[in-house]
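Oh and the sequence shown: position 386 is 665 in our numbering, straight run, nothing missing.
Okay, structure first, notes after.
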Amino acid sequence: MTKVRTRIAPSPTGDPHVGTAYIALFNLCFARQHGGEFVLRIEDTDQQRSSRESEQQIFDALRWLGIEWNEGPDVGGPHGPYRQSERGHIYKQYSDELVANGHAFPCFCSTERLDQVRAEQMARKETPRYDGHCMHLAPEEAQRRIAAGESHVTRMKVPTEGVCVVPDMLRGDVEIPWDRMDMQVLMKADGLPTYFLANVVDDHLMGITHVLRGEEWLPSAPKLIKLYEYFGWDQPALCYMPLLRNPDKSKLSKRKNPTSITFYQRMGFLPEAMLNYLGRMGWSMPDEREKFTLDEMVEHFDLSRVSLGGPIFDMEKLSWLNGQWIRELSVEQFAGEVQRWALNPEYLMKIAPLVQGRVETFSQIEPLAGFFFSGSVNADISLFAHKKLDADTVRLAMQLLLWKLEALRQWDKDRITAVVQAVAEHLEVKLRDLMPLLFASITGQASSVSVLDAMEILGPDLSRFRLRQAIETLGGVSKKETKEWEKRLSAIAC
Ligand code: GLU
């Protein structure tokens with residue numbers, strides 16, 4: 280029998296997401312349960328949005344949780360390279376094969392033409408899709424245009440009628456009509472593959488036998504299935520895991536819930552508890568016990584126990600479970616964990632230079648800098664009353680700061696300062712006019728140690744979380760304001 284091989288294939292385009300850890304956990308359990316292997320592949324074909332920092336954060340966050348992979352970019356393995364950006368030469372060959380066999384075709388349509396077709400289809404209330412304009416070009420004509428250096432993409436052909444049956448391990452056969460599928464671009468004009476081509480080729484070449492992925496990918500499954508068929512390859516078993524949800528049942532989003540794994544690390548959750556909680560997302564132990572280890576989960580793992588109702592990721596429940604884990608530690612273990620969390624020399628050495636010159640006794644440290652060791656600071660609303668800015672502008676300023684800081688990939692004092700400066704200029708105020716708002720949000724006090732340094736040390740997760748909380752304290756931002764204020768973002772130079 281072929282060895283079971285599963286994988287997680289994150290795109291390194293932002294903070295390491297709890298959804299990635301959740302899917303990784305289920306793939307890991309499935310592989311281990313069958314004595315198989317679990318692979319980590321980095322899907323970084325979107326060069327604009329992918330970064331090595333983000334990739335490293337994914338490795339660190341998964342490892343912190345106790346998720347280990349048998350093969351991956353950092354540990355190697357026989358099916359490498361495991362980064363799609365290093366596999367560019369492979370995809371072209373497969374794309375050419377599809378064109379040669381008549382399953383795909385070069386498309387020279389300009390963006391303007393595509394936009395126009397789209398607008399016309401929308402006006403006719405049709406689902407916008409590619410109209411097949413370049414599909415019938417004579418191969419010699421297409422070759423001539425390619426040889427002349429004309430910009431083009433490669434699109435796959437898809438049936439126009441009938442249904443595709445997607446055999447899902449959880450739902451059984453799911454029927455999706457072909458007329459919902461577009462002639463998907465497989466190779467972009469820059470010569471890089473899209474997700475669809477790279478994903479299918481890599482899963483095949485890496486010998487992946489089972490693909491457990493989020494259900495947001497179910498609607499596009501027919502395209503993947505068709506590609507397997509075009510190539511004449513066995514398709515892996517497919518399993519579409521239910522999406523994590525906010526307590527209000529909407530799709531888990533950072534607007535409503537912190538979604539970065541590192542946030543939970545900085546808040547002082549135990550990795551074992553976090554992993555345990557992710558294992559409770561849509562799954563339960565046969566005896567319904569809430570607290571279990573990874574090994575216990577693997578031992579009792581059974582995909583048929585996954586329930587399709589959207590699992591709710593609720594920080595309060597997670598905290599409760601974390602409390603259970605904490606109480607079962609020995610006192611020595613507890614103290615050790617706390618030390619590792621934030622009472623470690625490395626963290627203290629970052630804080631010490633800010634504090635040393637401002638205290639006369641050590642007992643003054645806590646009132647001055649206790650915010651380095653908390654999650655929320657619950658600033659009093661009076662701290663946001665501003666001499667120059669009215670209440671709406673205060674909220675506007677804070678929301679703009681939050682958005683800009685959310686987009687910041689490298690987190691250091693200079694870059695944070697540049698953001699604050701740019702927002703200040705946009706609002707035609709001075710940098711120092713925005714400082715009281717930062718002090719209030721981040722430290723919970725009217726003044727403290729340098730708040731820009733403090734933000735660097737606290738890190739992006741806690742800093743953004745506190746800004747978000749402060750905005751909520753001030754009454755939040757309405758949908759209408761969000762729409763209006765978002766338009767300002769492009770005018771802020773940073
Ligand atoms: N790169 C995709 C993602 O980021 C992978 C999806 C899949 O598992 O096929 O979610």
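For every residue, glycine included, the Cβ atom is placed at its ideal position computed from N, Cα and C.
Output the distance between the C-alpha atoms of residue i and residue j, rounded to the nearest integer angstrom.
i	j	result
V634	F641	10 angstroms
H358	F548	35 angstroms
A421	R284	40 angstroms
M435	R711	55 angstroms
Q363	T541	25 angstroms
G561	Y519	12 angstroms
P385	E551	50 angstroms
L491	A426	41 angstroms
V708	K667	9 angstroms
M517	E611	Here residue 517 turns out to be Leu, not Met, going by the sequence shown. When rounded, the distance between both Cα atoms is 45 angstroms.
A658	M546	17 angstroms
S389	I369	27 angstroms
P446	D452	4 angstroms
L307	E419	48 angstroms
L522	R450	14 angstroms
I695	F718	14 angstroms
K683	L557	30 angstroms
E376	F744	49 angstroms
R524	R424	48 angstroms
G355	F309	21 angstroms
L304	F338	14 angstroms
E625	D458	58 angstroms
K502	G381	16 angstroms
L573	P715	45 angstroms
S742	I721	6 angstroms
K467	G654	44 angstroms
E595	G602	11 angstroms
Y543	R767	31 angstroms
A772	A697	9 angstroms
H705	A676	9 angstroms
D593	H296	15 angstroms
S330	D566	43 angstroms
G615	V444	53 angstroms
P646	G636	15 angstroms
A402	P360	46 angstroms
Y301	M485	22 angstroms
L597	M553	7 angstroms
With DSSP as the reference, please indicate the residues paired to residue i in a beta bridge.
i	result
T433	P385, M466
T281	According to DSSP, which records beta bridges pairwise, T281 is partnered with nothing at all.
F317	T285
H296	S539
P446	D452
I591	R524
E350	V318
K530	R524
Is any heavy atom of the ligand GLU found at a distance shorter than 7 angstroms from the C-beta of residue i?
i	result
Y774	Here the chain has residues from 280 to 773 only, and residue 774 is not among them.
A288	yes
E494	no
E322	yes
N536	no
Is residue i near the ligand NAD, judged by its Cβ being under 7 angstroms from some heavy atom?
i	result
N478	Of the ligands one can find in the structure shown, namely the ligand GLU, none is the ligand NAD.
The segment 579-592 touching the segment 619-628, judged by at least three CB pairs closer than 8 angstroms | no
3-residue-minimum beta strand (DSSP E) runs that sit fully inside the segment 470-519, ordered along the chain = 489-493
Runs of beta strand (DSSP E) wholly within the segment 352-427 (minimum 3 residues, chain order) = 383-386
Please specify which runs of the alpha helix (DSSP H), each continuous and at least 4 residues long, are wholly inside the segment 719-762, giving them in chain order.
-> 730-752
Only counting runs of 4 or more residues, tell me where the alpha helix (DSSP H) segments fall wholly within the segment 582-653, in order along the chain.
-> 594-606, 610-620, 624-634, 644-648
Quick one: any contact between the segment 531-541 and the segment 332-348, if contact means 3 or more CB pairs under 8 angstroms?
-> yes
State whether the segment 285-294 contacts the segment 310-320, with contact taken as three or more CB pairs (one from each stretch) at a distance under 8 angstroms.
-> yes
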